[in-house]
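Please read the structure below before turning to the comments.
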Amino acid sequence: MGASQEATQRQAAAPKHAPVRCCSASEETLSCGSHHRPDVIVDVLGFGKIKVDIGYGGAFYAYVSANKFGLDVCSSKTRDLVDAASAVTEAVKAQVKLHHPDSEDLAFLYGTILTDGNDAFSEEPTANICVFADAQVDRSPTGSGVTGRIALQYHKGLIQLNQTRTFKSGTTDSLFTGKAVKETICGDFKAVTVEVSGQAYYTGTAHFVFENEDMLKNGFFLK
Numbered sequence: 001m002g003a004s005q006e007a008t009q010r011q012a013a014a015p016k017h018a019p020v021r022c023c024s025a026s027e028e029t030l031s032c033g034s035h036h037r038p039d040v041i042v043d044v045l046g047f048g049k050i051k052v053d054i055g056y057g058g059a060f061y062a063y064v065s066a067n068k069f070g071l072d073v074c075s076s077k078t079r080d081l082v083d084a085a086s087a088v089t090e091a092v093k094a095q096v097k098l099h100h101p102d103s104e105d106l107a108f109l110y111g112t113i114l115t116d117g118n119d120a121f122s123e124e125p126t127a128n129i130c131v132f133a134d135a136q137v138d139r140s141p142t143g144s145g146v147t148g149r150i151a152l153q154y155h156k157g158l159i160q161l162n163q164t165r166t167f168k169s170g171t172t173d174s175l176f177t178g179k180a181v182k183e184t185i186c187g188d189f190k191a192v193t194v195e196v197s198g199q200a201y202y203t204g205t206a207h208f209v210f211e212n213e214d215m216l217k218n219g220f221f222l223k
């Protein structure tokens, strides 16, 4: 196997083509057609009317600063952050119609990303926490979430092409970097191609076997 190879990375919402460096666990993902929908007003249960941004970078997320809920993504209790993010997710799902130009199967909100509000370019990391699916918390800054956040920052004029930003998980302090590398069009949306880089580490392996005499070796259904 050579120093690098073309692979397909499957995320929760859509496949992406990613150049994987085989000699390490680092990975760079080029996401095509990351687009945005800024300044959407939703009525959030328990918090009233909140302005959020909606971005797509492989999945749709709502983005909002945690300080709008009196919270901090790095120091507040995770339970409080999850509750606020989940309330936003439910509000957006109920009040906002999403559209994906390539496939309506992708036109759903995957979760909410609470940020530290530091969207203007800085050499310092900007922190966020991603609450997705069934109120689960990502241990990383979230690849598709970082991609959408970069698209929002770029289209708001807060970062330039090829200007690298560092993103930090508010819960684990793990880091990703990302940058918008070129402008593009995704259906009716102005979009950017985004490059995201991060580091992963092996935590273990699993080995599965089946014996010919095993009546359940091909699996089974529960009804």
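Each residue of the sequence shown is one higher than the last, beginning at 1 in the UniProt record's numbering. Positions of the beta carbon are idealized from the N, C-alpha and C atoms, including for glycine. This structure is a prediction, so every number in the text was calculated from the model and none was measured.
Taking C-beta to C-beta, are residue i and residue j nearer than 9 angstroms?
i: residue 109; j: residue 93; result: yes
i: residue 58; j: residue 144; result: yes
i: residue 159; j: residue 179; result: yes
i: residue 171; j: residue 124; result: no
i: residue 131; j: residue 91; result: no
i: residue 65; j: residue 134; result: no
i: residue 112; j: residue 137; result: no
i: residue 198; j: residue 177; result: yes
i: residue 114; j: residue 47; result: no
Return helix, strand or coil for residue i, following the three-state DSSP convention.
i: residue 57; result: coil
i: residue 67; result: helix
i: residue 79; result: helix
i: residue 184; result: strand
i: residue 21; result: At residue 21 the pLDDT is 31, less than 50, meaning the model places this residue with poor confidence; the figure from the coordinates comes in the next sentence. Correct three-state label for residue 21: strand.
i: residue 85; result: helix
i: residue 229; result: Past the boundaries of the shown model lies residue 229; the chain is included only from 1 to 223, so the question cannot be answered.
i: residue 174; result: coil
i: residue 139; result: coil
i: residue 51; result: strand
i: residue 209; result: coil
i: residue 73; result: coil
i: residue 105; result: helix
i: residue 147; result: helix
i: residue 40; result: strand
i: residue 195; result: strand
i: residue 93; result: helix
i: residue 128; result: strand
Within 10 angstroms of its Cβ, does residue i collect 16 or more other Cβ (buried), or is it exposed?
i: residue 195; result: buried
i: residue 39; result: exposed
i: residue 209; result: exposed
i: residue 78; result: exposed
i: residue 168; result: buried
i: residue 220; result: exposed
Excluding sequence positions up to five away, which residues of its chain have a Cβ less than 7 angstroms from the Cβ of residue i?
i: residue 120; result: 158
i: residue 163; result: 121, 179
i: residue 82; result: 131, 135, 137
i: residue 185; result: 191
Residues in its own chain within less than 8 angstroms of residue i by CB, not counting five upstream and five downstream?
i: residue 151; result: 34, 35, 36, 55, 56, 57, 180, 191, 192, 194
i: residue 25; result: At residue 25 the pLDDT is 40, less than 50, meaning the model places this residue with poor confidence; the figure from the coordinates comes in the next sentence. 199, 200, 201, 202, listed in sequence order.
i: residue 211; result: 217
i: residue 49; result: 41, 42, 43
Note down, in chain order, each residue of its chain lying with its Cβ closer than 6 angstroms to the Cβ of residue i, except the 5 sequence neighbours on either side.
i: residue 74; result: 127, 170
i: residue 118; result: 126
i: residue 53; result: 38, 63, 152
i: residue 156; result: none
i: residue 187; result: 101
i: residue 99; result: 107
i: residue 227; result: Nothing about residue 227 can be reported from this structure: the residues present for the chain run from 1 to 223 only.
### Message
Tell me whether the segment 137-154 and the segment 94-105 touch, counting them as touching only if at least three CB pairs, one residue from each stretch, are closer than 8 angstroms.
### Response
no
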